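Chemist: Okay, here's the structure, questions in a sec.
Numbering (the numbering used here), first residue to last: 2 to 457.
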């Protein structure tokens with residue numbers, strides 16, 4: 002095994018071990034958060050997940066992995082083992098986590114035999130030592146032949162500071178490769194079993210995440226760094242989105258919360274649908290969730306190799322039901338059809354979400370819209386629009402100065418929003434338009450002073 006600089010230029014430290022030894026709990030303890038899904042049910046973690054950590058000014062990535070049980074022969078266990086092996090192969094250091102209360106097990110010894118030939122440092126962490134008086138339980142793991150075991154309690158934090166000192170020292174010795182430019186963050190979201198993980202693997206040209214016919218295989222939001230046409234990307238595979246009330250109290254519920262947060266942090270959400278089912282009500286619900294998160298939205302009609310929905314019908318339904326009017330691309334993760342086009346379209350959408358439109362151009366646009374479709378009138382008073390300016394980006398936010406906000410009708414507000422999308426290619430980009438009442442001049446001290454309109 003040989004080490005390599007981590008995604009984002011950070012050193013990687015792989016956290017591996019037998020199922021249910023507390024790897025994810027330890028990762029959360031060391032990172033000072035709750036990024037990794039933790040649940041009493043064994044085998045919760047399946048894919049490898051990188052979580053950034055900082056200690057004493059040194060930054061590094063902890064790579065949480067699924068539990069490795071060499072004796073398990075089913076296909077899902079084999080895929081988990083493969084993911085853990087790849088994490089170890091690309092790591093700059095490895096933490097082998099063992100359960101001190103359970104004692105030395107055959108599975109620990111099998112993993113240790115793999116790691117004894119590693120070209121990177123390996124630390125043995127004896128977890129679940131919740132009291133200093135139990136520290137002697139770590140001694141048994143000297144038999145693994147990987148040096149002094151470190152007693153810790155992931156649940157209570159016992160000796161976690163000393164472990165972080167050792168990890169920071171290891172990370173500081175690694176020469177990390179810098180990543181140039183700001184990465185575009187793309188979240189791949191959708192219902193369970195529509196091919197999200199297959200699509201991520203197709204983007205990367207490698208099996209980065211586990212793919213299975215079993216629904217709910219992905220149980221966390223998995224970040225992967227990639228690039229297209231020289232642009233750095235962060236691709237985020239997510240767990241399938243369901244209605245929360247159906248999964249309350251289960252592992253899937255906590256995985257879903259992370260999927261929703263992944264959309265909130267993304268520049269673009271690629272909403273994956275199954276071409277054999279067309280555009281379902283649940284797909285529309287996922288697209289609405291992406292819109293409320295503030296990220297741009299692109300719809301990928303996947304599995305085009307085995308089914309062909311009516312594209313024009315799907316596109317028309319999207320236009321009617323989703324306010325963002327997201328672009329639609331038919332693709333196949335299995336055959337690779339339109340996969341590069343999908344990625345380039347997502348990056349272009351991220352760029353449009355971050356653009357600033359010049360104020361003179363916006364005011365010419367506003368004058369043209371008003372000339373073609375005059376604003377509505379109520380009780381003899383007509384809405385007047387004096388001025389428009391973009392006040393924020395990512396997502397774009399506009400302030401329109403008006404004579405009276407009460408004169409605005411919902412239909413005309415949607416009309417202006419849609420004309421703005423058409424004029425500046427903003428389909429799929431969430432827009433915020435504030436209508437700000439114009440302040441009249443007020444006399445004070447014998448002189449008229451003009452107050453600036455507040456921004457909405």
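Idealized CB from N, CA, C, for every residue including glycine. Quantities reported herein were computed from a predicted structural model and do not represent experimental measurements.
By the DSSP assignment, the alpha helix (DSSP H) with residue 425 in it spans what residues?
Modeler: 411–425 is the span of the alpha helix (DSSP H), which, as asked, contains residue 425.
Chemist: If you draw a straight line from the alpha carbon of residue 419 to that of residue 337, how long is it in whole angstroms?
Modeler: 33 Å
Chemist: I need the straight-line Cα distance from residue 459 to residue 387, nearest angstrom please.
Modeler: Here the chain comprises residues numbered 2 to 457, so residue 459 is not present and cannot be evaluated.
Chemist: Can you grab the Cα-Cα spacing for the pair residue 405 / residue 363, in whole Å?
Modeler: 20 Å
Chemist: Could you check how far apart the C-beta atoms of residue 229 and residue 345 are, in whole angstroms? I think they sit under 8 Å.
Modeler: 7 Å
Chemist: Would you be able to state if there are at least three C-beta pairs under 8 Å between the segment 95–109 and the segment 137–152?
Modeler: By the Cβ test, the segment 137–152 is in contact with the segment 95–109, since at least three Cβ pairs between them sit closer than 8 Å.
Chemist: In angstroms, rounded to a whole number, what distance separates the CA positions of residue 91 and residue 165?
Modeler: 20 Å
Chemist: Is it buried or exposed for residue 197, if we count other Cβ within 10 angstroms and need 16 for buried?
Modeler: buried
Chemist: Could you have a look at residue 266 and say whether DSSP puts it in helix, strand or coil?
Modeler: helix
Chemist: So, for residue 60: in the same chain, excluding its five sequence neighbours on each side, which residues have a beta-carbon less than 8 Å away from its beta-carbon?
Modeler: 11, 53, 54 and 172
Chemist: Which residues does DSSP list as the beta-bridge partners of residue 379?
Modeler: Looking at the DSSP assignment, residue 379 forms a beta bridge with 382.
Chemist: Just mark residue 268 as buried or exposed, buried being the case when its beta carbon has 16 or more other beta carbons within 10 Å.
Modeler: buried
Chemist: Would residue 383 and residue 403 qualify as a contact pair, given that the criterion is a beta-carbon distance under 8 Å?
Modeler: No Cβ-Cβ contact shorter than 8 Å links residue 383 with residue 403.
Chemist: Run through the segment 95–161 for me and flag every whole beta strand (DSSP E) of 3 or more residues, listed as ranges in chain order.
Modeler: Segments of the beta strand (DSSP E) lying fully in the segment 95–161: 123–128.
Chemist: Give the secondary structure of residue 404 by DSSP, where H, G and I count as helix, E and B as strand, and everything else as coil.
Modeler: coil
Chemist: If you pair each beta-carbon of the segment 183–190 with each one of the segment 263–278, do three or more pairs fall below 8 Å?
Modeler: yes
Chemist: Please state the DSSP three-state secondary structure of residue 439.
Modeler: Three-state result, residue 439: coil.
Chemist: Identify every residue that forms a DSSP beta bridge with residue 298.
Modeler: 270
Chemist: Jot down the residue ranges of each uninterrupted alpha helix (DSSP H) in the segment 277–330, minimum 4 residues, whole runs only, in chain order.
Modeler: 282–294 and 312–322
Chemist: Within 7 Å: the Cβ of residue 265 and any heavy atom of the ligand ZN?
Modeler: Looking at this structure, you won't find the ligand ZN or any other ligand, since it has none at all.
Chemist: Please tell me whether residue 105 and residue 144 are closer than 8 Å, where the distance is taken between their beta carbons.
Modeler: yes
Chemist: Exposed or buried, residue 51, counting other C-beta atoms within 10 Å across all chains shown (16 or more means buried)?
Modeler: Its Cβ being crowded by 16 or more others within 10 Å, residue 51 is buried.
Chemist: Could you check where the beta strand (DSSP E) with residue 1 kicks off and where it finishes?
Modeler: With the chain running from 2 to 457 in the structure shown, residue 1 is simply not present.
Chemist: What distance in whole Å lies between the Cβ atoms of residue 377 and residue 408, which are believed to be in contact at a cut-off of 8 Å?
Modeler: 7 Å
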